[in-house]
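Engineer:
In the working numbering, the protein residues as written are 7 to 546.
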């Protein structure tokens, strides 16, 4: 069913509650298969409006985004919005636990508001292993004109999507996982959908400064980003203005996004832009070109080398990334006016990854529970009071020990509580975790096992606020989260094979209030599937 613009504006008039002055931006996307050649061989890619990667979303703080997605694939499809917080509206999160898939040949209209947000994010396909075929793109949210930004307007603004990639079709990768096997190592690294010697240059003019919004949209590898002969000034991380530290190279872990300023202050020629894998036995590298408009010649010399397996180097860099307390955020008040370090946490949740076999097949989990998708989105089952879909408390808030087991884990949490979450990583690989619906404060990370004494080293002054955090091998990371967003929210590994094989759960942030100030009602256009099929949504 296709809705016209007038019908959409009428149907979604509830956004007037948020503010009648907030503008609407309309998008129509057609999702198709198409031939792509990112690593020099023909593959079946997922295109949006014929593009790989998909089109950027450009918006401004508080904009309402109306995105009508037509699924022209032969499989159900969903898009999720990495870092867009979906205030009071987890129905639109676009993951299987909250949103019914779009059937082949059908469409669905996402209704989002980038409420009180700025910064650099991305979208991606969340079902099955579609992410290994494309369907992702950048999201940028600019500050409203009256809100000052802590750096001059750049001469240009580039989206740079980086990630590891397989030559194998996504359906075959999924079949390997369904068969209980692990994936092989990726075949290469892409920069904006292009592999080695096939990139599109980033064009610059000598003396001018440019913003690069770098997102790791890959499947498992942490990546290092650098530009030959140039420094990068970090200015924003997933919606937070940062202290403007300068780096010669930057680690970008899976699911993370960074904004850097690069000044074209070198002699006019071409320079390598390099992306290489981190913490891997075989280093994968891809380059493209930073091209000066008055370039005197091609790149010279080898591409600059970067860090490879140095964990301490990356850990120290991560600790150096802190919030700019003097900068405004999406609102006029300074970001530092909310002193998270002076608020007592009401609860500590300790999460530990698990890996093992169940019934002879490879599985992953958190706190010994390996997630199995339900037959009905958990958010719909919660709204319609459908029993037997999930159980609150089906995952322990502390590692229980023992082997992996299958369940549909949901952890309960109270609205407006302030919680500490500790990610323990007992494994020899780096990990990356994302929490939908929230931005959290990364207060600490270190090697070894976390204990209550670890709190003595927390940054309670200017920790960075973001939505994805890495956990180094045999290490821990700790975050503080103000649970101010009612809904059913996915907490997952950003290693996509691990997420697919169970390393995720849902956090149910609950209030018994029926106020629209706390949560929007189920959207009138919500698809109803599974045991919720045939029921009726209440009027908006």
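Virtual Cβ for every residue (Gly too), placed ideally from N, Cα, C.
(1) Looking only at C-alpha atoms, which of 59, 31, 78 and 58 sits nearest to residue 38?
(2) If you count every other CB in all the chains shown that lies within 10 Å of the CB of residue 111, and 16 or more means buried, which is it?
(3) Name the two residues that bound the continuous alpha helix (DSSP H) containing residue 184.
(4) For residue 102, collect the residues of the same chain with a Cβ closer than 8 Å to its Cβ; drop the 5 residues on either side in sequence, then sort them by chain order.
(5) Alpha carbon to alpha carbon, what distance is there between residue 385 and residue 394?
(6) Can you tell me whether residue 509 is buried or exposed, with buried defined as 16 or more other CB within 10 angstroms of its CB?
(7) I'd like to confirm the pairing. Which residues does DSSP put opposite residue 415 in its beta bridges?
(8) Would you call the CB atoms of residue 194 and residue 186 closer than 8 Å?
(9) In its own chain, which residues sit with a C-beta less than 6 Å from the C-beta of residue 540, not counting the 5 before and 5 after it?
(10) Decide if residue 340 is buried, meaning its Cβ has at least 16 other Cβ atoms within 10 Å, or exposed.
(11) Can you tell me where the alpha helix (DSSP H) holding residue 503 begins and where it ends?
(12) When the Cα of residue 157 is compared with those of 267, 237 and 415, which residue comes out closest?
(13) Should the segment 114-130 be regarded as contacting the segment 291-301, the criterion being three or more beta carbon pairs within less than 8 Å?
(14) Among the residues of its own chain, which have a CB less than 8 Å from the CB of residue 376, if the five just before and after it don't count?
(15) Quick one: is residue 210 buried, meaning 16 or more other Cβ sit within 10 Å of its Cβ, or exposed?
(16) Can you check the segment 410-455 for any beta strand (DSSP E) of at least 3 residues that lies completely inside it and give the ranges in chain order?
(17) Which stretch, first to last residue, makes up the alpha helix (DSSP H) that contains residue 318?
(18) Three-state secondary structure (DSSP) at residue 267?
(19) Please state whether DSSP places residue 126 in a helix, a strand or coil.
(20) Here's the rule I'm using: 16 or more other beta-carbon atoms within 10 Å means buried, otherwise exposed. How should residue 248 be labelled?
(21) Given residue 346, which residues of its chain have a CB within under 6 Å of its CB, disregarding the five upstream and five downstream residues?
(22) For residue 189, count neighbouring Cβ atoms within 10 angstroms of its own Cβ and tell me buried if that reaches 16, exposed if not.
(23) Compare the C-beta of residue 78 with all C-beta atoms of chain B and state if any pair is closer than 8 Å.
(24) Of the residues 51, 108 and 68, which one's Cα is nearest the Cα of residue 74?
(25) Measuring CA to CA, which of 130, 56 and 123 is closest to residue 70?
(26) Please tell me whether residue 454 and residue 478 are closer than 8 Å, where the distance is taken between their beta carbons.
(27) Touch check for the segment 459-471 and the segment 432-444: three-plus C-beta pairs under 8 Å?
Structural biologist: According to the structure shown:
(1) 78
(2) exposed
(3) 176-184
(4) 84, 132, 133, 379 and 383
(5) 13 Å
(6) buried
(7) 397
(8) no
(9) none
(10) Since pLDDT at residue 340 reaches only 44, below the 50 mark, its modelled position is unreliable, and no value is offered.
(11) 502-506
(12) 267
(13) no
(14) 360, 364, 369, 370, 410, 411, 412, 413, 507, 508 and 509
(15) buried
(16) 411-413, 415-420, 424-431, 437-441 and 446-453
(17) 317-326
(18) strand
(19) strand
(20) buried
(21) 447 and 486
(22) buried
(23) Protein chain content of the structure displayed is limited to a single chain, and chain B is not contained in it.
(24) 108
(25) 123
(26) no
(27) no
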